[in-house]
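Quick note, the numbering used here runs 935 ahead of the 1-based positions in the sequence shown.
No residue lacks a Cβ here, since even glycine has one placed at the ideal position from N, Cα and C.
Remember, it's a predicted structure, so these values are computed and weren't measured experimentally.
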Amino acid sequence: MNKYVKSFLHRGLIFAGLGPIIMGIIYLILSYTVKDFSLDGKDAFAAILSTYLLAFVHAGSSVFNQIEHWSIMKSLFFHFTTLYAVYVGCYLINSWIPFNILVGAIFTLIFVATYFIIWLIVYLCVKSASKKMSKKIA
């Protein structure tokens, strides 16, 4: 098995359990703040599976940035596409967003903006850290 596939699966399995925990906290908060908030078993099960999948893919997809022979743009493309597909799928399956073109466009715009803002922050932090290391070495 390819070392990157193993790394994807390993990272995903390590962090996947965090998704349902976070979902449980959000639902607990909603139960205290939203009048008549309730879930049936089907909705709770779908949410647990979805948040597990989201956390698994989110953690696992970080391996794309470590494939040395890939360019930054290729890594970004695969990372972004993987996350976007899983988020859209989970959000639609759970009815967290309605199946509507306008809502889909708004979700996509927010997702793209958030993704690239976070990516830019991480990139600048790594660049700054590497400059500091270079100065210490020199």
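- Going by DSSP, P955 is part of the alpha helix (DSSP H) stretching over 953-968.
- Sequence-distant partners of F991 (beyond 5 residues in either direction) whose C-beta falls short of 8 angstroms from its own C-beta, in its chain, are G947, L948, F950, A951, G954.
- Assignment of I1032 by DSSP, reduced to helix, strand and coil, places it in the coil class.
- When secondary structure is reduced to three states using DSSP, N1000 falls in the helix class.
- Taking the CA atoms as reference points, Y1022 sits about 10 angstroms from W1031.
- By the neighbour-count criterion, in which a residue is buried when 16 or more other Cβ atoms sit within 10 angstroms of its Cβ, Y1026 is buried.
- Collapsing the DSSP output to three states places D978 in a helix.
- By the neighbour-count criterion, in which 16 or more other beta carbons inside 10 Å mark a residue as buried, V1061 falls on the exposed side.
- In this structure A981 touches I1028 by the C-beta definition: roughly 6 angstroms separates them, less than 8 angstroms.
- Per DSSP, the continuous alpha helix (DSSP H) segment holding S942 begins and ends at 938-950.
- In terms of CA proximity to T1043, F1015 leads the group F1015, S1065, K1067.
- Rounded to whole angstroms, the Cβ separation of L989 and W1054 is 18 angstroms, and the two are not in contact under 8 angstroms.
- The distance from the Cβ of L944 to that of G995 is about 7 angstroms, consistent with a contact at the 8 angstroms cut-off.
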